[in-house]
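With full-length UniProt numbering applied, the first sequence covers 1 to 351.
Yeah, the Cβ is synthetic: ideal placement off N, Cα and C, and Gly gets one too.
The structure under discussion appears below in the form of structure tokens.
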Amino acid sequence: MPLSSPHALDSSAVLAWYDLHARDLPWRVSPADRRTGVKPDPYKIWLSEVMLQQTTVAAVKSYFVRFTSLWPTVFDLANAPLDSVLREWAGLGYYARARNLHACAVTVVRDHGGVFPTSSVALQSLPGIGAYTSAAIAAICFDEPVAVLDGNLDRVLARYYALSVPVRDAKEQLRAALQVAVPHRAGDFAQAMMDLGATICAPRNASCLICPLQPGCMAAREGNPLLYPIKPAKAERPVRKGHAFVMLDAAGDVYLQSRPGKGLLAGMTEVPTSEWSADLVDPIYPLPANWRHRGQVVHIFTHFRLELEVWSAVVPPEGLDGGWWSEPALLGGEALPTLFRKVLAAAGLDG
DNA sequence: AATGCGGGGTG
DNA sequence: CACCCAGCATT
1 MPLSSPHALD SSAVLAWYDL HARDLPWRVS PADRRTGVKP DPYKIWLSEV MLQQTTVAAV
61 KSYFVRFTSL WPTVFDLANA PLDSVLREWA GLGYYARARN LHACAVTVVR DHGGVFPTSS
121 VALQSLPGIG AYTSAAIAAI CFDEPVAVLD GNLDRVLARY YALSVPVRDA KEQLRAALQV
181 AVPHRAGDFA QAMMDLGATI CAPRNASCLI CPLQPGCMAA REGNPLLYPI KPAKAERPVR
241 KGHAFVMLDA AGDVYLQSRP GKGLLAGMTE VPTSEWSADL VDPIYPLPAN WRHRGQVVHI
301 FTHFRLELEV WSAVVPPEGL DGGWWSEPAL LGGEALPTLF RKVLAAAGLD G
């Protein structure tokens with residue numbers, strides 16, 4: 001199923017468009033500055049790329065500013081306790097990224113003197129850096145002529161070639177087609193293609209009349225670019241149900257504990273819950289007390305929908321093991337994922 | 001090659 | 001609601 005278009009991918013046209021319309025992002029060196037010799041800081045590009053994995057630019061911006069303010073260099077981040085990194089990451093999701101981020105900083109400091117490797121191959125051996133992120137860092141920071149293929153590019157290329165199969169089944173063909181188009185300005189080209197995907201060739205809106213790739217785009221030629229990329233069959237999302245127990249002591253402090261180091265929300269902070277199952281079972285309270293039902297929280301994960309009944313009670317401070325008591329005013333500094341901030345809010349506490 | 005892993009923006 | 005986002009690690 002060969003890719004075909006009457007025109008090769010026109011990287012010159014894409015770069016010309018980028019020179020005029022590049023997005024202004026906190027981690028980015030503008031194409032104008034790039035031409036005068038300004039080079040991106042690999043630490044900041046790496047940090048931004050990890051945060052941007054499956055995460056929108058809008059969601060990342062404030063986290064990026066906060067992280068670079070707290071930890072301006074890879075040495076600062078490597079020396080920070082993992083717990084504080086997890087706390088600052090709370091709310092951004094995919095928490096394995098935060099653990100790998102810290103592990104990567106430690107590795108770069110310990111094994112590389114605090115200097116990031118400059119090749120995509122070497123970068124990919126570091127924790128949390130895969131095919132996409134290694135290519136992005138190498139291209140943006142060092143102009144390595146490598147194909148940088150993310151979700152935006154999947155869509156742009158699937159449309160450009162009117163790809164008749166799901167991207168998953170033609171990934172290497174798309175990579176090869178992109179690879180031969182990579183110009184001397186590899187970093188700007190990578191960022192240009194992603195900007196194009198985020199603004200002109202968006203998931204549910206394609207502005208083909210102003211697209212620099214329009215002359216060769218097979219989907220535009222067919223007339224309905226939104227038909228691409230072809231979606232694989234979607235799996236149904238099961239429901240899981242359970243109970244969450246918000247315990248307060250006489251002073252009004254909340255009982256918190258850590259989740260296991262592996263699996264869902266690994267290592268993050270929570271209030272105790274029941275098991276989550278397809279059918280709601282009667283609550284088994286952690287302690288006997290005057291439990292009050294405070295409502296229901298619904299939270300959507302990628303692969304299931306969770307419905308938690310929220311209970312609260314004032315309990316004696318003994319009889320609990322392994323957790324800690326936190327003042328409500330200090331909950332903002334705990335490593336609480338969004339799910340448990342919703343639970344605490346349902347119980348009448350600030351997340 | 002498939003699956004598990006968050007949360008928010010957007011139409 | 002559904003869809004998707006500058007994907008990676010694990011199996």
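Using the rule of at least 16 other Cβ atoms within 10 Å of the residue's Cβ for burial, across every protein chain shown, is residue i buried or exposed?
{"i": "residue 152", "result": "buried"}
{"i": "residue 352", "result": "Outside the displayed range of the chain (1 to 351) lies residue 352, so it cannot be described from this structure."}
{"i": "residue 355", "result": "Absent from the structure is residue 355, since the part of the chain shown begins at 1 and ends at 351."}
{"i": "residue 301", "result": "exposed"}
{"i": "residue 36", "result": "exposed"}
{"i": "residue 296", "result": "exposed"}
{"i": "residue 113", "result": "exposed"}
{"i": "residue 117", "result": "buried"}
{"i": "residue 204", "result": "exposed"}
{"i": "residue 322", "result": "exposed"}
{"i": "residue 150", "result": "buried"}
With distances taken from CA atoms, which of the options is nearest residue i?
{"i": "residue 339", "options": "277, 278, 265, 89", "result": "265"}
{"i": "residue 212", "options": "310, 4, 21", "result": "21"}
{"i": "residue 79", "options": "89, 63, 108", "result": "108"}
{"i": "residue 272", "options": "280, 279, 90, 260", "result": "260"}
{"i": "residue 256", "options": "232, 209, 326, 203", "result": "326"}
{"i": "residue 121", "options": "110, 136, 111", "result": "136"}
{"i": "residue 44", "options": "70, 54, 23", "result": "70"}
{"i": "residue 217", "options": "321, 162, 55", "result": "162"}
{"i": "residue 304", "options": "281, 225, 277, 292", "result": "277"}
{"i": "residue 194", "options": "7, 56, 346", "result": "56"}
{"i": "residue 239", "options": "308, 171, 185", "result": "308"}
For residue i versus residue j, is the C-beta distance shorter than 7 angstroms?
{"i": "residue 219", "j": "residue 228", "result": "yes"}
{"i": "residue 47", "j": "residue 177", "result": "no"}
{"i": "residue 128", "j": "residue 87", "result": "no"}
{"i": "residue 289", "j": "residue 250", "result": "no"}
{"i": "residue 74", "j": "residue 103", "result": "no"}
{"i": "residue 145", "j": "residue 182", "result": "yes"}
{"i": "residue 141", "j": "residue 40", "result": "yes"}
{"i": "residue 294", "j": "residue 347", "result": "yes"}
{"i": "residue 148", "j": "residue 190", "result": "yes"}
{"i": "residue 159", "j": "residue 225", "result": "yes"}
{"i": "residue 7", "j": "residue 215", "result": "yes"}
Go to residue i, then tell me how far its beta strand (DSSP E) extends in each direction, as first and last residue.
{"i": "residue 241", "result": "239-248"}
Excluding the 5 residues flanking residue i on each side, which residues of the same chain have their C-beta closer than 7 angstroms to its C-beta?
{"i": "residue 258", "result": "267, 269"}
{"i": "residue 188", "result": "15, 18, 31, 34"}
{"i": "residue 284", "result": "274"}
{"i": "residue 252", "result": "328"}
{"i": "residue 64", "result": "26, 27, 47, 48, 51"}
{"i": "residue 61", "result": "26"}
Just reading off the alpha helix (DSSP H) that residue i is part of, what are its end residues?
{"i": "residue 21", "result": "11-21"}
{"i": "residue 108", "result": "96-112"}
{"i": "residue 187", "result": "186-199"}
{"i": "residue 151", "result": "151-160"}
{"i": "residue 339", "result": "338-346"}
Enumerate in chain order the residues of its own chain whose CB-to-CB distance from residue i is below 6 angstroms, with the five nearest sequence positions on each side excluded.
{"i": "residue 287", "result": "315, 319"}
{"i": "residue 201", "result": "156"}
{"i": "residue 133", "result": "49"}
{"i": "residue 335", "result": "86, 87, 90, 268, 269"}
{"i": "residue 306", "result": "240, 299"}
{"i": "residue 342", "result": "297"}
Kindly list the residues whose CB is nearer than 8 angstroms to the CB of residue i, restricted to its own chain and excluding five residues on each side of it in sequence; keep chain order.
{"i": "residue 59", "result": "92"}
{"i": "residue 317", "result": "249, 250, 325"}
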